[in-house]
Amino acid sequence: MHHYPFVKMRSRNFTSGERHKRAIACSNRLWSNASTVTFSFMEDLPDEVAYRVERIIRQWEPVVSLTFEQVEQGQGQIRITLNGDENWSAIGTEALDLGPEEPTLVIQTALQDPQFEATLLHEFGHALGFHHAHLHPDANIPWNMEAVYMYFKETQGWNDDEIEMNIFRINNCESTFKGEYDSLSIMHYPVPNFLTHGNFEIAFNMKLSERDKRLARQSYPAIDYRAQII
Ligand SMILES: [Zn+2]
């Protein structure tokens with residue numbers, strides 16, 4: 001079986017630190033609208049690396065009402081490490097439930113990997129509270145279940161629960177999906193043809209889609225301050 005360059009993702013339990021399936025609650029984990037969200041790095045990065053990461057995550061900034069402020073190492077509400085053994089992020093304000101010494105956004109993909117930028121954009125989307133687009137109720141992906149279980153067990157070491165949660169568990173929370181299903185979303189897993197029935201695939205999306213931007217604007221709408229003064 002050939003190896004497809006999947007973004008490896010996994011969730012974890014926030015109270016015990018043990019990794020196991022996390023119920024996707026219907027609660028809204030968005031940050032307060034129009035607030036400042038701070039971020040920092042867990043380790044001392046060369047300036048050019050820190051700058052590159054910052055440039056990538058700030059691609060989200062024009063489409064949300066939030067301000068991203070970089071603060072001292074380890075002090076941010078969103079704490080980023082590039083030394084991860086997986087790609088992972090807390091969903092929105094779940095980051096506040098983690099201990100101050102723990103990272104809340106973890107990147108494994110190497111800086112020189114062509115998928116680094118897309119991976120970081122995806123994980124930062126989680127950090128803003130956005131969920132996986134392939135779990136949208138309207139996704140209707142013709143997964144070949146047997147092939148999917150075999151593939152993720154073999155290539156990612158995921159157990160059945162992790163596979164079910166990451167790939168198949170449709171998220172029916174209305175609050176989570178204000179937008180339409182978007183196969184071009186940065187929050188969508190790639191869907192290789194060999195994991196589906198028939199001739200069906202979705203590419204590894206590399207940038208924020210127009211619908212990603214629209215959903216971000218809906219989730220964090222701009223405030224018209226002039227209207228408040230009047
Ligand atoms: Zn993800």
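1 is the number of the first residue of the sequence shown in full-length UniProt numbering; add one for each residue after it.
For glycine and all other residues, C-beta sits at the position ideal for the given N, C-alpha and C.
Cutoff 6 Å; reference N33; Cβ partners in own chain excluding five residues on either side: S65 and Y220
T15, buried or exposed, once every other Cβ within 10 Å from all chains shown has been counted against 16: Note that T15 has pLDDT 30, beneath the 50 cutoff, so the model's placement of it is unreliable and no number is given.
Residue 238 in three-state terms, based on DSSP: As displayed, the chain neither begins before 1 nor continues past 230, which places residue 238 out of reach and without an answer.
Expected contact under 8 Å - CB spacing of T38 and Q77 to nearest Å: 5 Å
Closer than 7 Å: H136 CB and nearest ligand 1 heavy atom: no
Residues bridged to V37 (per DSSP): F68
Where I167 sits in the DSSP three-state scheme: helix
Rounded separation between S209 and Q73 - CA only: 31 Å
Which of helix, strand or coil DSSP assigns to N87: strand
Endpoints, the beta strand (DSSP E) within which I80 is located: I78 to T81
Within 8 Å, strictly: CB atoms of G92 and L135: no
Contact test: H132 Cβ vs ligand 2 heavy atom, cutoff 7 Å: In the structure on display, ligand 2 does not appear, and the ligands it does have are ligand 1.
Beta-carbon proximity check, S185 vs N172, cutoff 8 Å: no
Cut-off 7 Å between Cβ atoms - residues of its own chain near F68, not counting five sequence neighbours on either side: V37, F39, I57, R58 and E61
K213 versus W158 - alpha carbon distance: 31 Å
H122 beta carbon near ligand 1 (any heavy atom closer than 7 Å): yes
First through last residue of the alpha helix (DSSP H) which encompasses V191: Neither: V191 is in no alpha helix (DSSP H) and is coded neither H nor E.
C-beta contact flag for R217 and V63 at 8 Å: yes
Cβ neighbours of V106 in the same chain (closer than 6 Å, five flanking residues each side left out): T81, G84 and W88
Where the alpha helix (DSSP H) containing Q218 begins and where it ends: E210 to S219
Residue of I202, N193, L120 and E117 minimising C-alpha distance to A133: I202
V49 burial status per 10 Å Cβ neighbour count (16 or more: buried): exposed
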